[in-house]
Structures are given as structure tokens and as C-alpha cells.
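Accompanying notes for the structure given below.
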Amino acid sequence: MTVCVRFRAIPVFALALLGFVTTHAAADDENRMTGEGPGAFIVEDGKVDPNTYEGYLVYTRACMACHGPDGMGSSFAPNLIRVVERRGWENFAGTIAAGREVQPGQVMPSFADDPYVMGNIPNLYSYMRARGEGGLGRGRPRIIESMQEQDEEKDEAAEEASAED
Amino acid sequence: MLRVTGFAVAATGLLAASVAHANQNQLELQQNPEYWATQLGNYQGNRFSELDQINRDNVNELRSVWQFSTGVLRGHEGGPLYVGDGRLYIHTPFPNKVFALDLEDEGRVVWSYEPDQDSRVIPVMCCDTVNRGLAYADGRLFLGQADNTLIALDAESGDLLWDVSNGDHTVGETNTMSPLVVHDKVIVGISGGEYGIRGHMTAYDVESGEMVWRGYSTGPDDEVLIDPDTTLMLGEPIGEADLGVSTWPEGEWERGGGAPWGWVTYDPDLDLIYYGTGNPGTWNPDQRAIDGEPADNKWAITVFARDPNNGEVKWVYQKVPFDEWDYDGVNENQLIDIEFEGEERKGLAIIDRTGFGMLLDRETGELLVAEKFAPETNWADSYDMETGRPNVSDEYSTFRQGVNVNTTDICPTAMGAKNMQPSAYSPRTGLIYAGINRICMNYEPYETEYVAGQPYVGATLTMMPAPTQNGEMEGRMGSFIAWDPVAGETVWEVDERFAVWSGALATAGDLAFYGTLEGHVKAVDIENGEELWRFKTPSGIIGNVNTFMHEGKQYVGVLSGVGGWAGIGLAAGLEDPEEGLGAVGVFSALGDYTKLGGVLTVFALPD
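Residue numbers (our numbering), protein chains in the order written: chain A, -4 to 160; chain B, 47 to 653.
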């Protein structure tokens, strides 16, 4: 079950790598911000879609130890919200996969061997975009109620599918 | 292992003459109040200086005489050594440069040394690429590099004398600690509790770098170097064999952490070294339980008293059985002689990660006092003085609350109510002076899988300032306190905006010194904490304030250079727990006050 959840966003990832998708965010109404393209997100009254929420979880598990709480950077590694705004999807995904030696003494590790992080790069990107363009605040977001149910249904379906395998 | 130990004991006997010589040297140096020959000032870890040229009456005239940039970013922990040769010896975080600086010539570089290290070690250091400094004895400097290479340098020339590998960074083992020289051995632990390593303390021969003994923190008794019939626990023999195996789920002890990465202290009369071990591997307690019930996970978060000659364990005391909060037990064990209930006792005092100030008998390991120095502490109400175990609160038990449940408002945070920043003890006042953290956390364990060289954490946490009371500074994240280790009471307390992450210094000049994360060095009246002097260094301070005298002049030296776990956690500021409820932003971001960069600043009074 867990594995299915972790990998559910891979098609988006593959699509985005092909470079066919452009990104933009739009304020649909006062309380709702959405972003299209790689790292699509919805922020509504401070709540988010399930993929963006998954991105928050992955961020706190895999990235926060160096990049600081809520994507805001630390004395050790930069603010990722700004990185996402400046460098875009391909650079973001590529750096997570390949790592980067910034300068002597400053190294970003490669996550190529970590299937959990690799499978969640689009969700991480969604979370970062939601924090930036989407105006999402700090801390653990909640999932938009109507989407919570959809998400649970999807999980159950995935569970059934994997049980059948 | 046993064969090696046996040989070492025999060799020690044969080389008795040189043993005495090496031991004598460090002991003699630290008994000279003009020197600062070991990171904690003396073997007992007291960080106290008899010097009083700089004192309560003239400290307001203290000024910087020179500064030296190390050229290295990242967190600068530890401090300068002075052994009477007119030089200061300092070190840096990765790449672990070493400098000999001419004290009389405004810090001119006499020699420098830079190891060649694999940069892949950087991302496997959990909490910045810090290093807590050099050790010295008999004309040799000892450095534990980030990549686990222990080296000896000739102090006169900076030439490499020997190097030896103490671990493997490709499986997540790293080094941040300062070694300690005892007799003819240099003793060093290891870091990597967040990577599922198996912690150990190891002794190497000062002359050759050959390993003499290694005592693991977990596993069978013959590898921990415990004898269940003679090793004491709470004053009685342990009795049961191999608790380092049986208190874990099948095989989990092999990745059980217990990394001893803090300070080692030593009692020359009892001939015992003391240190604490870190967290038990994964931060998800569920993966360390046996049949769904808490298991002790020995000997993580344990104070060890070992014979430095062969590593044999005299006694153990586990401060937190079955950790559920990452309360690494590595904080320094201050060796202090005290009067307890009308009797002279050889005490061992700890300002512990857990928020409790503890006092033990250092001959037997009996627990004498356990009281909260950080009153917000809520994970346990108290300690049971009979069993030595904490009375854990179910509400803040991340195990009882469960996997994938976010247990909220636990105090203190995983950073601890005090982290590695070493405290000071003045025998004149009988009090301990310590910089502490006032931060709480939410903690959510999750299932994690062990992969060598990858993080093995299994919990996410967020932090917020601890609640305040009685008009304390709102949103404050740190304090500097004077603690009575016998009464178990705070005598005075000064609040600071950020966690106080620097090592303290107490002097016979009636002063206590500490540094702040904004970059101030402060001198306060040792009687009441009143601030008497401050100086703003170029970056936040997580190093230790040291003092020494050269040619009749007392100096104070400190490394600044923000970073460490404090820099990672606080740079962007903490989450405001009241956010959305209209509270104003009292929660400060460290990044608004200071940036990276290592500098040594040396102070003295005007001529």
C-alpha cells in the first residue's frame, strides 16, 4: 500500500521531464490558488490537495534536516522556495537525482538510490510551489476536506489493486 | 577483541615509564592555571579558570586585541588551546583545517594543516560539519577528522605523525568530537546515530596510533566490555548477561546507535573515564519495541564509567530506557566533589538533554538527584530514585500515541534542553553555569527501512519556543542558568532570544562567560547573572569561551561562526504555534541577525 502511494505521481514526473508542460499559478477566487503543470497544486483556505500534502511529508522526512523547516533554508543549505522560483522544474528534479557539489564544504547528496524521494519529486515540487506562488503558510498543512475523501478512495483502490497482484 | 585487549594490558605494564610520562604531561599542563590545555579546561570537565586578572571590577574594559578568519563557513564548535608556547591552536569544521597562531604577533599563522577528505562525508553529517576541537599532550596535537581519520600532528611543525581510520563514512559513520588523551592513549567516540551505526568508544596508542581497545555501546557483553558479575548498575552488579542484545528486537542492536559523540571526562584518582551514549538508532520507537511493549534498548542514552587502560566498564546508568524523543545522552559528565546529605561524595553532575539536572555518585553510578532545570519539561514528570527510571507521561509518549500520529507540544525538543554546549562549574560557588535551549516540539514517528549510508531516522518533527511564565521574555528560545547540582534548583537565570549554544566559562574573577547565537560574547556577574560586558563577534557563537595567561596577561578567546543543529533549526525561525490566531510575530529568525563565517577573537585588558 505504502509503495503505491509513494509512486502514484510518477506519470506526472515522466510527463514533465518530456518538457511539454508549462507552469503558471492562478488565483481562482479569493481563497483558492492553483498551479498547473509540473508540481500542480491547490491551496484553499490554507489547506492543500493530497499530493501537495504528501510533498510536505516528504520534505520534512528527507529535506528539512538540511534545508530547514518549511522550505525556508538554514545555515546549512538554501531556501528551497526561492530555488524553485528561480530554477524551475528540470533543475529541481535533476539536482535531487544527481546531487550537486556547490563549493568545497557544501554538498547536496544525490537521492537517486532513494525510491521514496525519487517517486515523490513532483509532490515535493508541488509543496514548494504552494509555499511560494500559492502563499501557503508555515507548518503542517491540512488536506482540503473534499479531496481527502477522494484521496482515501484512491488509496483503497490502490490497496485492492496491489492485493490482487 | 579480547585478545587485543589482553595484549594491551600486558603492553601497558611493560611501558609503565612512558605511561606515567604522557599522563603526567596533560595533567601538569591543566593544573597550571595559565594554560587551557584541554577543551574542557581540565579532566573533570569544569571549564573553570583560577585566573582573576580580568574580574568583575574591570571586565567592562575588556577589548578585542586581534581577530583571525579561518576562511571556513559552517558551524565552529570547540575552542583554542594554549599550552604555554606562545601559540594558540585552533581547528575548523570540515575540511578540518588546523592552525598554529602566534599569540604575540596578532595571530600570524605559524603553520597550518589541511587534511584531504572525501567530500561525500558532508551529506552524512546530520547536523552540520562541526568539530569540537583538538587534544594535546607531549608536543602532539590530536584531531578527529569528519571522515573518522584520527591524526596526530607535531605541534612544533604541524607535520603529520600518524593517522588511523576509526570508522567508515560510506555507512554513515562520521566524527565530530574532540578526543581526550589519558595516560598513553587517545580516546575517541563516533557520530552517526541518525544513520543506524553501532556506536563505540575506542582508545589508540599516542605514539603509534594503534588501536588498544574498543568498547561498543550495544551488543554482547564481551564487545561492550561489560562483566555482568562486576559491572555495576545503580550500585549493584548488573547480574544478567548480554542486556545489550536482549533489550532489542532481533538484531536491531547492530544498528542501535548509542553514538558517543560528546565530551569525555576523567577522574585521575579513580582512574575512570566517563561519557554518555546517544539515541538508540531509528527515532521511531515502534521499531525498537519487543512484542509491542517498550524495550530498554541498552546501552543507548547511558552514562559509561570505563577503565581507560583496557576499556572495562566499571558502572553504567541508563538515563532514558526506550527513547521516544531522540534525547541523546551525550551531555558532559562534570566531575565535582560535593557534600550530599552530610557526607563527602565524589559526584558526577549532568545538565542533561532531557531537561533534568542529575547528580550521581561517580564511584558507583548511584543516582542521587534528578530535578528539572527547564521547568517546561513534560515528557516525564520525575525520576523514580529507586529504579533510576523516568516516570514517562503517556500524553507525550510518541510510542503510546503511535506511528504516523503527530504527538504535539513535547518539551524539550530533540535538540535537548541542553545540547553539546559544555557547562562550567565553579568550586568557589558550587554551582554549574550552562547555556540551555527553551524549545518544544511536535514529533511524528514513521516506519523506516535501514539502508547502509542512508538516514535511518523515522520521525519528523517541528519545533516551537517553549511556553513562558511570570513575565519571562516572550518567544525566548534560550537561557543562561546557574544550577545548584546538589539542591537540584536553578539559582538564577538570564533569558536569551535564541538557544544558548556556546560553552560556558567560570573564573575566579567572579565572572561567567558565554556566547549567543546572534554573536555576542557576554560576561556576567557569577553571583546573579547581571550582564557586565558584551562584544559582538562577526557571526553567531556555538564555540566555547576559553581563557589563559601569557607573559603575565590574561586573554579570553572564542571561535564564532554560526551553524550546527542550532543553525539548521533556527535560521529561518521557528513555527509560531499561535499562527492564524492573530498573535504577533515574536518568534525571531536567526538569519535576521547573523550569517556564516568562522573567526577567532582574542580579548585582553588594555595595557
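From the three backbone atoms N, C-alpha and C, an ideal C-beta is built for every residue, glycine too.
Contact annotation for A125/A against chain B: no contact, minimum CB-CB distance about 16 Å [criterion: below 9 Å].
With its beta carbon less than 9 Å from one in chain A, C172/B belongs to the interface. At a cut-off of 9 Å, the C-beta of I587/B has no neighbouring C-beta in chain A. Beta-bridge analysis with DSSP links N590/B to G549/B. Around G238/B, the same chain offers G218, E219, T220 and A305 as residues with beta carbons nearer than 7 Å, after the five sequence neighbours per side are excluded. Inter-residue distance for P326/B and G403/B is about 21 Å (C-alpha atoms, whole angstroms). Within the stretch 102 to 153 of chain A, the complete alpha helix (DSSP H) segments of 4 residues or longer fall at 110 to 114 and 116 to 126, listed in chain order. In the pairwise beta carbon analysis, the stretch 498 to 514 of chain B is classified as not touching the stretch 577 to 596 of chain B: fewer than three pairs are separated by under 8 Å. A Cβ-Cβ distance of about 6 Å is found for the pair T583/B and V645/B, placing them in contact under the 8 Å criterion. Neighbourhood of G100/A in chain B, by CB distance below 9 Å: V118, L119, R120, P139, F140, P141, S165, I168 and T175, in chain order. Ranked by Cα distance from T553/B, the first of L75/B, G613/B and W82/B is W82/B.
For N86/A, the enclosing alpha helix (DSSP H) begins and ends at L75 to A93. The beta carbon of Y363/B lies closer than 8 Å to those of M279, L280, T348, V349, L406, G411, L413 and G434 in the same chain, with the five residues before and after it left out.
Per the C-alpha coordinates, the member of L149/B, V155/B, G132/B and E150/B positioned closest to K143/B is V155/B.
Residue contact with chain A for M461/B: absent (no Cβ-Cβ distance below 9 Å to any residue of chain A). Between the alpha carbons of K641/B and C172/B lies a gap of roughly 20 Å. Per DSSP, the unbroken beta strand (DSSP E) holding C486/B starts and ends at I485 to P491.
Residue-level contact by beta carbon fails for P513/B and chain A, as no gap is shorter than 9 Å. Look at I236/B here: in three-state DSSP terms it is coil, with no helix or strand label. Not one beta carbon of chain A lies nearer than 9 Å to the beta carbon of P473/B. Taking a Cβ-Cβ cut-off of 8 Å, the neighbours of T506/B in chain A comprise L52, T55, R56 and M59, given in sequence order.
Distance from the CA of D398/B to the CA of A569/B, rounded to the nearest whole angstrom, comes to 24 Å. In this structure I588/B is not in contact with G63/A, their Cβ atoms being roughly 16 Å apart against a cut-off of 8 Å. Closer than 9 Å to the CB of G68/A there is at least one CB belonging to chain B. When DSSP states are grouped into helix, strand and coil, P331/B belongs to the helix group. Put simply, the backbone Cα of L52/A is about 15 Å away from that of Q143/A. Taking a C-beta distance under 9 Å as the contact criterion, S110/B and V648/B qualify as a contact pair.
Here G261/B carries a strand assignment [DSSP, helix/strand/coil].
At the C-beta level, Y496/B and A460/B stay beyond 9 Å of one another. Taking 3 residues as the shortest admissible run, the stretch 389 to 416 of chain B contains the following complete beta strand (DSSP E) segments, listed from N- to C-terminal end: 389 to 397 and 402 to 407. Taking C-beta separations shorter than 7 Å and ignoring five residues to either side along the sequence, the partners of R135/A in its chain run Y51, following chain order. Under a 10 Å Cβ-count criterion, M431/B is classified as exposed, with fewer than 16 other Cβ atoms of the shown protein chains found around its own Cβ. Where F350/B is concerned, there is no enclosing alpha helix (DSSP H), although the beta strand (DSSP E) around it starts and stops at T348 to R352. Taking the CA atoms as reference points, I272/B sits about 30 Å from E389/B.
When C-beta atoms of the stretch 458 to 477 of chain B are compared with those of the stretch 88 to 95 of chain B, three or more pairs fall below 8 Å, so the two segments count as touching. Residues of the stretch 127 to 146 of chain A with a C-beta less than 9 Å from any C-beta of chain B: G132, R133, G134 and R135, listed in chain order.
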